[in-house]
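These notes are about the structure you will find just below.
Number of protein chains: 2
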Amino acid sequence: MKLQVAIDRVSLDYAIELANKLDGIVDVIELGTSLVKDYGLITIKQKLPSLKKSQLLLDLKTIDEGVYEFDKGFETGADILTVMGGASVDTLEKVYKQTEELGKTMLIDLMEINDEKTSLINKFPKAIYGIHHANDSQNDFNAVDTVMEFHKNYVNIQKISIAGGIDLTVAQQLASQGIADYIIVGGSIIKADDPIKAAKKFMEVIR
Amino acid sequence: MKLQVAIDRVSLDYAIELANKLDGIVDVIELGTSLVKDYGLITIKQKLPSLKKSQLLLDLKTIDEGVYEFDKGFETGADILTVMGGASVDTLEKVYKQTEELGKTMLIDLMEINDEKTSLINKFPKAIYGIHHANDSQNDFNAVDTVMEFHKNYVNIQKISIAGGIDLTVAQQLASQGIADYIIVGGSIIKADDPIKAAKKFMEVIR
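In order, the protein sequences belong to chains A and B. First residue of the first sequence? That's 0 in numbering that gives the first Met the number 0, and the numbers climb one at a time after it. First residue of the second sequence? That's 0 in numbering that gives the first Met the number 0, and the numbers climb one at a time after it.
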């Protein structure tokens with residue numbers, strides 16, 4: 000199981016400082032939607048040095064104009080880009096084709112979509128399917144149970160990621176469960192007193 | 000009926016030049032999602048002078064972290080911000096409250112959401128409900144029929160906007176129909192040889 004660290008709602012300078020420090024420690028470094036919308040891809044590209052070991056994910060949350068946004072996102076240096084499961088099937092088909100042609104990866108963010116829509120878009124074998132509990136949502140969320148149920152419903156889906164309030168205990172449970180390929184951790188690492196130390200702890204418990 | 004002109008997928012300098020020229024000619028000037036994601040709100044705020052007569056809409060397409068994104072969007076100078084209908088009900092409730100407290104307007108983008116979800120979020124009386132045919136979608140789309148059907152299904156919804164391939168003929172039909180409060184026009188104005196002249200023509204046919 001891989002660890003993706005989501006950097007969000009901080010200054011771009013601090014995000015880049017963190018990204019450089021986390022490079023090689025965690026598997027995927029995410030620059031979150033807030034950084035994209037606050038600073039823009041042009042500025043991010045200018046300021047962000049290439050990561051040497053970790054992969055870069057830009058959380059574009061594309062929902063329309065897929066090819067345009069993915070062009071810009073990959074130009075910025077991303078290895079992985081996100082598209083909303085709530086986008087039209089046409090959007091998803093176009094960006095999947097584009098992503099495959101470039102040898103990159105797309106993550107489909109399943110936030111707030113129902114089983115009917117999930118079934119409709121369950122046809123992109125190399126995509127990562129991201130189970131995502133909205134930060135804004137006030138419903139309870141059990142990551143381990145949710146992953147198990149998702150896996151039972153969609154046994155053919157190869158790559159699953161899970162995001163939403165994952166702490167060390169849940170990370171360890173998900174690693175033991177052995178279904179999810181990626182966990183996405185934000186606040187528990189970024190808001191820790193020592194984010195690098197916190198990231199290393201997460202890497203330890205999932206290995 | 001009001002005209003909203005969507006400026007998208009151009010350089011920010013050109014977008015600002017256009018916005019200044021369109022100020023006072025059209026009702027709402029939209030800086031599209033591509034401008035937000037390419038340039039970022041910080042740069043947009045630095046470069047964009049206040050519009051004197053037209054309203055400014057920033058097409059944030061917020062789907063999570065609603066309060067954070069709306070804070071940033073209103074700080075940038077927007078009168079109207081967009082949130083996806085596909086966002087969680089919690090997100091929509093939070094940004095609606097925030098928007099009302101600031102005396103601003105929120106537009107709920109209904110792209111790709113079904114009747115069940117639309118019914119769930121049919122409870123924000125001052126919001127604009129935006130019928131939106133995805134640019135990426137390859138399905139046919141009849142704006143006039145779609146508005147009529149939407150109005151029949153949701154008679155209580157006060158403010159309706161409609162977007163998706165609206166040309167002069169359709170604009171005139173929508174004005175005669177008298178249901179939609181806003182039409183959103185992009186390419187037919189922005190890609191015209193003379194966008195200002197094109198905008199004026201749209202204003203003529205809808206008045």
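Beta carbons are placed, not taken as given, at the ideal position from N, Cα and C, and that holds for glycine. Predicted model only: the values in this text are computed from it and were never measured.
Just checking: is the beta-carbon of residue i within a distance shorter than 8 Å of some beta-carbon in chain B?
i              : result
M105 (chain A) : no
A133 (chain A) : yes
D114 (chain A) : no
E111 (chain A) : yes
G65 (chain A)  : yes
D37 (chain A)  : yes
D89 (chain A)  : yes
K60 (chain A)  : yes
M202 (chain A) : no
A174 (chain A) : no
M83 (chain A)  : yes
K93 (chain A)  : yes
Select from the options the residue whose C-alpha is nearest the C-alpha of residue i.
i              : options                        : result
S10 (chain A)  : A:L30, A:V88, A:A126, A:Y95    : A:L30
A102 (chain A) : A:F73, A:Y128, A:Y38, A:Q176   : Here residue 102 (chain A) turns out to be Gly, not Ala, going by the sequence shown. Answer by Cα proximity: A:F73.
K20 (chain B)  : B:P124, B:I159, B:K125, B:K199 : B:K199
V94 (chain B)  : B:H131, B:T61, B:I130          : B:T61
I127 (chain A) : A:L106, A:N155, A:L57, A:R206  : A:L106
D78 (chain A)  : A:S53, A:G84, A:T90, A:A86     : A:S53
G164 (chain A) : A:K151, A:L91, A:I188, A:E100  : A:I188
L17 (chain B)  : B:E203, B:D192, B:K1           : B:D192
F123 (chain B) : B:E111, B:N113, B:E99          : B:E99
D208 (chain A) : A:Y13, A:L91, A:V4, A:D135     : The displayed coordinates of chain A run from 0 to 206. Any statement about residue 208 (chain A) would go beyond what the structure contains.
D135 (chain A) : A:G177, A:D58, A:T117, A:E111  : A:E111
I28 (chain B)  : B:M0, B:L55, B:I15             : B:L55
T117 (chain A) : A:D22, A:N155, A:G177          : A:N155
A86 (chain A)  : A:Q97, A:G65, A:K96            : A:G65
V146 (chain A) : A:L2, A:N121, A:G177           : A:G177
First and last residue of the beta strand (DSSP E) that includes residue i?
i              : result
Y128 (chain B) : 127–131
T61 (chain A)  : 54–61
T104 (chain B) : 104–108
Y67 (chain B)  : Element bounds for Y67 (chain B): not the beta strand (DSSP E) but the alpha helix (DSSP H), 65–74.
A197 (chain B) : Element bounds for A197 (chain B): not the beta strand (DSSP E) but the alpha helix (DSSP H), 194–205.
V82 (chain B)  : 79–83
K122 (chain A) : No beta strand (DSSP E) contains K122 (chain A), which DSSP labels as neither H nor E.
I6 (chain A)   : 1–6
A162 (chain A) : 158–162
V143 (chain A) : Premise fails: V143 (chain A) lies in the alpha helix (DSSP H), 142–152, not in any beta strand (DSSP E).
Counting only beta-carbon separations shorter than 8 Å, does residue i have a partner in chain A?
i              : result
T168 (chain B) : no
L40 (chain B)  : yes
E29 (chain B)  : no
K46 (chain B)  : no
G137 (chain B) : Checking the sequence, you will find Gln at residue 137 (chain B) rather than Gly. Closer than 8 Å: yes.
T32 (chain B)  : yes
K219 (chain B) : In the structure as shown, chain B begins at 0 and stops at 206. Residue 219 (chain B) is therefore absent and cannot be evaluated.
A86 (chain B)  : yes
E68 (chain B)  : yes
R206 (chain B) : no
K122 (chain B) : no
Give the range of the alpha helix (DSSP H) segment to which residue i is assigned.
i              : result
D89 (chain B)  : 88–100
T42 (chain B)  : 32–46
L167 (chain A) : 167–176
L50 (chain A)  : That residue, L50 (chain A), is in no alpha helix (DSSP H); it is neither H nor E in DSSP.
K20 (chain B)  : 11–21
Use the C-beta contact count for residue i: other C-beta atoms within 10 angstroms, 16 or more gives buried, fewer gives exposed.
i              : result
D63 (chain A)  : buried
T81 (chain B)  : buried
P48 (chain B)  : exposed
R8 (chain A)   : buried
E68 (chain A)  : buried
L119 (chain B) : exposed
Q157 (chain B) : exposed
P194 (chain A) : buried
E148 (chain A) : exposed
Y38 (chain B)  : buried
G84 (chain B)  : buried
D114 (chain B) : exposed
T42 (chain A)  : buried
D12 (chain B)  : exposed
T168 (chain B) : exposed
Q45 (chain B)  : exposed
Q137 (chain B) : exposed
D26 (chain A)  : buried
K196 (chain B) : exposed
K51 (chain B)  : exposed
D166 (chain A) : exposed
K151 (chain A) : exposed
For the ligand FAD, is there any heavy atom lying closer than 7 Å to the beta carbon of residue i?
i              : result
E203 (chain A) : Looking for the ligand FAD in the displayed structure turns up nothing, as the structure carries no ligands at all.
Inset, instruction - Check whether the stretch 133–148 of chain B touches the stretch 168–183 of chain A, counting contact only when three or more Cβ pairs, one atom from each stretch, lie closer than 8 Å. - result: no
Legend entry - Three or more C-beta pairs below 8 Å linking the stretch 155–173 of chain A and the stretch 120–133 of chain B: no
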